[in-house]
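Residue numbers (this note's numbering): 270 to 476. Ideal placement from N, C-alpha and C gives every residue a C-beta, glycine not left out. Have a look at the structure below, then the notes.
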């Protein structure tokens with residue numbers, strides 16, 4: 270079971286406009302059930318509200334993200350590629366011979382015994398024993414946050430919808446991205462126990 274992050278179409282324009290401050294408690298996660306089918310064209314909270322779950326330990330509107338940070342990785346701080354090593358989706362590496370570029374894992378697996386020939390064209394990709402690396406330039410900024418916990422909850426959810434709880438440019442509560450909680454896909458449940466949204470150790474989303 271793994272998370273699957275799916276951004277909404279207008280996330281990038283909002284980021285470019287500086288309209289998504291990842292602090293101050295305005296970024297929230299709302300849980301929805303399987304009646305919601307992801308549509309990248311959905312725009313506002315009203316587009317998903319009908320599918321919001323209910324249950325013990327859950328409050329309508331969801332929870333605010335805490336411990337939010339933007340981590341910027343450069344070749345100077347990136348992990349070196351290593352042979353015969355497991356890598357996860359979202360991991361970022363640099364070649365052992367630094368070429369000033371970074372590579373994002375978009376298909377996880379175990380690296381080859383021999384280092385691949387790294388592409389130097391923007392957006393180029395390379396297969397590394399089944400691992401697929403994507404060239405992402407000389408710096409990568411990643412959104413991260415603390416795991417979210419709904420304590421002593423009896424709930425079932427299919428997705429978490431991340432949105433800004435504010436009006437931005439006339440848009441009330443714009444949607445940012447969807448998180449499929451089980452990429453099989455399937456529901457995730459808890460019975461009088463903690464329901465935890467645990468983010469990847471590689472971070473939540475490449476911005």
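What does DSSP give as the partner residues of residue i in its beta bridges?
i: residue 376; result: 401
i: residue 419; result: 464
i: residue 433; result: 296
i: residue 426; result: 457
i: residue 475; result: 411
i: residue 395; result: 402
i: residue 356; result: 378
i: residue 441; result: 436
i: residue 349; result: 363
Using a Cβ-Cβ cutoff of less than 8 Å, which residues in the same chain neighbour residue i once the five nearest sequence positions on both sides are dropped?
i: residue 365; result: 349, 350 and 384
i: residue 394; result: 375, 388, 401, 402, 403 and 404
i: residue 442; result: 313, 314, 315, 432, 433, 434, 435 and 436
i: residue 478; result: Lying before the first or after the last residue shown, residue 478 is absent from the chain, which here runs from 270 to 476.
i: residue 345; result: none
i: residue 286; result: 438
The beta strand (DSSP E) spanning residue i covers which residue range?
i: residue 282; result: Taken as a continuous stretch (DSSP letters only), residue 282 belongs to no beta strand (DSSP E), being part of the alpha helix (DSSP H) at 280 to 285.
i: residue 363; result: 361 to 363
i: residue 274; result: 273 to 276
i: residue 448; result: 444 to 449
Spatial neighbours of residue i within its chain, please: C-beta separation below 7 Å, excluding the five flanking residues on both sides.
i: residue 278; result: 309 and 310
For residue i, I'd like the list of residues in its chain whose CB is within less than 6 Å of its CB, leaving aside the five on either flank, ordered along the chain.
i: residue 493; result: Nothing can be reported for residue 493, as the shown portion of the chain is limited to 270 through 476.
i: residue 324; result: 423 and 424
i: residue 276; result: 446
i: residue 343; result: 408
i: residue 439; result: none
Are the Cβ atoms of residue i and residue j separated by less than 8 Å?
i: residue 297; j: residue 272; result: no
i: residue 430; j: residue 410; result: no
i: residue 424; j: residue 458; result: yes
i: residue 380; j: residue 397; result: yes
i: residue 371; j: residue 356; result: no
i: residue 473; j: residue 417; result: no
i: residue 336; j: residue 415; result: yes
i: residue 283; j: residue 331; result: no
i: residue 326; j: residue 421; result: yes
i: residue 471; j: residue 359; result: yes
i: residue 456; j: residue 304; result: no
i: residue 339; j: residue 476; result: yes
i: residue 352; j: residue 363; result: no
i: residue 317; j: residue 466; result: no
Can you confirm whether residue i, when its beta carbon is compared against all beta carbons of chain B, has any partner nearer than 8 Å?
i: residue 369; result: Judged by its chain identifiers, the structure shown contains no chain B, having just a single protein chain.
Runs of beta strand (DSSP E) lying entirely within the stretch 289 to 339, each at least 3 residues, in chain order:
Listed in chain order, the complete beta strand (DSSP E) runs (minimum 3 residues) inside the stretch 289 to 339 are 296 to 301.
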